[in-house]
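Here full-length UniProt numbering is used: position 467 in the sequence shown is 467, and no number is missing along the way.
Note that CB positions come from ideal geometry on N, CA and C, so glycine has one too.
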Amino acid sequence: MNSTDFVTTEGVKSNGFSIAEYLQSYFPQLDGTHFEVFHLQSPSSEVESLYYNVGDLNDNATQDTVVKAEHFIAVSCNKKIFFAIDILIYLLIKVANSNPSKSGNVCSEEVIVELERHLFISKADTNGYCDIKLSTKNITRGILNFLLDIDVQHYLKNVIRLRKNNYAGYDKNNFITKNTSTKQALQILAQRLDNRKDLCPETASKVSPPFTTNYVLANGIQNKIMTKISLFTRPEPQYLFSESSKNRNKHILSGDQLLHWWLSIIDSLLDNFETSGSFSGDNTIKAKVKIPGEDDSMIYKRYICKLKHRDIWEVGTIYGDKNDLSHMVIPLFPDDPKTRFIRSNIEEGRDGLKLKAFWNELQGRQEFNLGIVVGVIGVSGLWKKKLSEDTLTDYSIYIPPTKKKFKNLKRYVIGEEYDTAEGALDSYSNLSEYYRKLSLNPISIIGTYKYSAEKVYDGSSIVNPVVINNLNSLVVHRKKR
C-alpha cells in the first residue's frame with residue numbers, strides 16, 4: 001500500500017482480513033448502534049539503536065538497522081470516541097551490505113538476513129462515554145492479535161531512512177555530563193554540529209528529501225522471527241483522554257486489578273506462540289512478570305497461578321540475565337522510566353551497572369515510591385499466526401504520508417478534553433471530517449454477539465469501560481515490614 005492509499009470497506013469485495021474480522025465477535029448485535037474503528041499507522045522509518053550498544057558485528061558484510069512504526073487505534077460508539085490504544089512496533093534487522101546508491105529518493109532493495117520484532121504497548125485509555133456494556137478487555141485482545149498477525153513485510157516497503165553518517169551506537173565520550181569540562185563540552189557540541197552538516201553535503205542550510213529503502217526477507221527466515229511484547233501497568237485517572245476522570249461513568253482500576261487485567265490479555269496471546277518442544281534456547285517461549293520490590297512467591301501466588309498458561313509464566317523479566325549490563329539489554333522505549341534511569345546512569349558514568357543492581361536501585365527512585373502496584377510484563381517467542389501481504393486487506397489501516405501528519409491526526413483525539421461527552425463527540429467529528437476530505441471512511445464494525453441488558457458480556461467486562469493507562473510509569477509496591 002502506498003502511503004496515501006486507502007480503500008474503504010464500503011463497496012469493496014475482498015477475501016482478505018481486516019481489523020473488523022478480529023473485533024466483530026466482541027461487539028453486540030444491536031439495531032441502531034454503530035461502531036467504528038479509526039486505525040492510523042505512522043510511516044515506517046529507521047531510528048537509532050533500540051539499545052545503547054549496537055553490538056560488535058562478526059564481519060563487515062552485515063549491519064544493524066532498526067525500523068519503527070506506530071499504531072494508533074480509536075474506537076467509537078454512536079459517533080463518540082470511547083477507547084484508544086497506542087502501540088509501537090520495532091523491527092531489529094541485519095541486512096546484507098548491498099551499498100545502495102544514495103542518488104535519488106529511493107535506495108536499492110536490501111535483503112534481511114536476521115530479524116527480531118518488538119511490540120511495545122505504550123498507552124491505552126477509555127473515557128466512559130460508551131452507551132452500552134462492552135468488554136474492553138476483549139477489544140484490546142482482538143487488536144493485539146490483529147497487529148501481531150500482520151506480516152513484517154507490511155512495514156518494510158518504502159522505509160524512511162535515518163539521516164546519519166556512521167552511527168556507532170553508545171559512546172560515553174560523546175555525552176556531556178557534570179564532570180565534562182567546558183572545553184570538552186564545546187568540542188563535543190562542535191563535533192555534533194559538523195556531523196549534522198555532513199548529513200546534507202549539498203548545503204548545510206537545506207534539508208534533503210528523505211531516502212527510502214525497500215527491504216525483503218531472505219529465504220528461510222520468515223518462520224524464525226523472534227517476537228517480543230513489553231508493557232508496564234500502572235493506574236492513572238487519565239492518560240490519552242484528558243480530564244476524562246471527571247466523568248462519573250469512567251471506571252478506574254486499582255494497580256492490582258489492572259495487573260490482573262493485562263495478564264489475562266497477554267496470557268491469551270500465548271495460544272498463538274510456538275510451544276513445540278523442538279524449539280530450544282532463545283526460541284523457547286518465555287512469559288514473565290515482575291513487581292519491583294515484591295517477593296517472587298507472592299507474585300506467583302497472586303498473579304500467575306490462576307493463569308491458563310501458568311506453566312509457561314515465571315517471575316522476572318525478559319531483559320537478559322542478572323549479570324548483564326543494564327544499558328545493553330533493556331530497550332530504550334519512549335516516555336519510559338527505565339529509559340530515563342538508564343540515561344541518567346550513562347550521564348553519570350555508571351555504564352557498568354548490572355541488571356540485578358538496576359532493578360534494586362530503580363525501586364528506590366521517587367517515581368517508584370508511591371505505594372502503587374506496578375507490573376512489568378514481557379513475552380518472547382515465535383508467533384505462529386500471520387497475515388501475508390496477499391491476505392491482509394490494506395483498507396484496515398490508514399498510513400498518512402508523513403510522521404507529522406500522523407501526529408496531527410492523533411491530536412484530534414488526545415488534544416480534546418473529556419470532562420463532558422462533547423470531547424468524545426468532537427474527536428469523532430474531527431477525525432471523520434478529515435477522512436471525508438480524503439474520500440475515506442473509518443472501518444465499520446458489525447457486532448455478532450447477542451446483547452443482554454441484564455448482564456455483562458463476560459467476566460472481564462464492566463458496566464463502565466475500563467481505564468488502562470500510563471503504562472510507562474512504574475511505581476513500586478512496597479513490602480510490608
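Option nearest residue i by Cα separation, candidates the options
i	options	result
E294	F241, W359, P334 and I252	W359
K308	L325, I265 and R343	I265
T284	R234, K384, S326 and S49	K384
K322	L355, K386 and I19	L355
P331	V47, V113 and I19	V47
R248	Y129, P401 and R302	Y129
Q257	I19, L269, T233 and A190	T233
G364	C77, K338, G142 and L231	K338
E21	Q238, K404, F146 and K450	F146
N223	L259, V113, L240 and S230	V113
H71	F27, I19, V111 and T33	I19
N272	I139, K386 and I160	K386
L269	D351, G447, L240 and L119	L119
T298	T65, V373, E110 and K157	According to the sequence shown, residue 298 is Met rather than Thr. M298 has its Cα closest to that of V373, out of T65, V373, E110 and K157.
P43	D131, Q29, R161 and A69	A69
D324	R343, D336, F333 and L353	L353
I143	R310, I87 and E361	I87
D131	P28, D267, R310 and E361	P28
Y398	L362, R436, E417 and S429	R436
N430	I443, R411 and Q238	R411
S45	D64, R161 and I176	R161
Residue i versus residue j - alpha carbon distance
i	j	result
G423	E243	10 angstroms
S254	S181	47 angstroms
L438	S432	10 angstroms
V67	D31	43 angstroms
F17	E274	22 angstroms
Y90	R117	6 angstroms
S396	Q41	10 angstroms
K228	G381	7 angstroms
G327	F341	One detail in the question is off: residue 327 reads as His in this sequence, not Gly. If I take the Cα positions, the gap works out to 10 angstroms.
L57	D296	In this prediction, L57 scores a pLDDT of 36, lower than 50, which makes its location untrustworthy; the coordinate-derived value is nonetheless stated afterwards. Looking at the two C-alpha atoms, the distance is approximately 37 angstroms.
L186	G371	43 angstroms
S49	E236	30 angstroms
P400	S25	29 angstroms
G415	N219	45 angstroms
K407	R163	20 angstroms
I85	H260	18 angstroms
A421	V379	37 angstroms
N441	I73	14 angstroms
V159	V413	26 angstroms
I446	R141	18 angstroms
W313	M226	18 angstroms
K405	D311	45 angstroms
G104	Y434	Here the model assigns G104 a pLDDT of 45, short of 50, so the residue's position is not dependable, and the following value carries that caveat. Taking the straight line joining both Cα atoms gives about 32 angstroms.
K450	A357	52 angstroms
F333	Y300	27 angstroms
T65	V111	12 angstroms
V329	D335	18 angstroms
E361	E417	37 angstroms
D149	I443	18 angstroms
K157	L92	15 angstroms
Q191	T177	16 angstroms
K403	Y52	24 angstroms
Whole-Å CB distance - residue i paired with residue j, under 8 angstroms assumed
i	j	result
L409	K80	Between K80 and L409 the Cβ distance is about 18 angstroms, and since that is not below 8 angstroms, they are no contact.
F83	V75	4 angstroms
I221	L115	6 angstroms
D419	K246	4 angstroms
L240	I121	So it is not a contact: roughly 13 angstroms between Cβ atoms.
N78	T136	That pair is no contact at about 16 angstroms.
I139	L23	6 angstroms
Three or more C-beta pairs below 8 angstroms linking the region 152-159 and the region 211-220: Yes, they touch.
Length at least 3, wholly inside the region 340-389: the beta strand (DSSP E) runs in chain order: Complete beta strand (DSSP E) runs here, min 3: 375-382.
Segment contact, 8 angstroms Cβ cut-off, at least three pairs: the region 311-318 with the region 285-294: Short answer: they touch.
Measuring CB atoms only, is the region 37-44 touching the region 121-129, in the sense that at least three cross pairs come out at less than 8 angstroms? Because the criterion of three Cβ pairs below 8 angstroms is not met, the region 37-44 and the region 121-129 do not touch.
Could you give the uninterrupted runs of the alpha helix (DSSP H) lying entirely in the region 124-164, keeping only those of 4 residues or more? Counting only runs of 4 or more, we get 136-149.
Starting from the N-terminal side, write out each stretch of the alpha helix (DSSP H) that is 4 residues or longer and does not extend beyond the region 248-295. With a minimum length of 4 residues, the continuous alpha helix (DSSP H) runs that stay inside the region 248-295 are 255-269.
Whole alpha helix (DSSP H) runs in the region 72-101 with 4 or more residues, listed along the chain? List check, alpha helix (DSSP H) in window: nothing returned.
Which residue spans inside the region 293-337 form an unbroken beta strand (DSSP E) run of at least 3? List check, beta strand (DSSP E) in window: 313-315.
Cβ contact (3+ pairs, closer than 8 angstroms) linking the region 337-348 and the region 296-310: The region 337-348, when compared against the region 296-310, does not touch it at the 8 angstroms Cβ threshold.
Quick one: which unbroken alpha helix (DSSP H) runs of 4-plus residues sit fully inside the region 427-456? Chain order, please. If only uninterrupted alpha helix (DSSP H) runs of at least 4 residues are considered, none is enclosed by the region 427-456.
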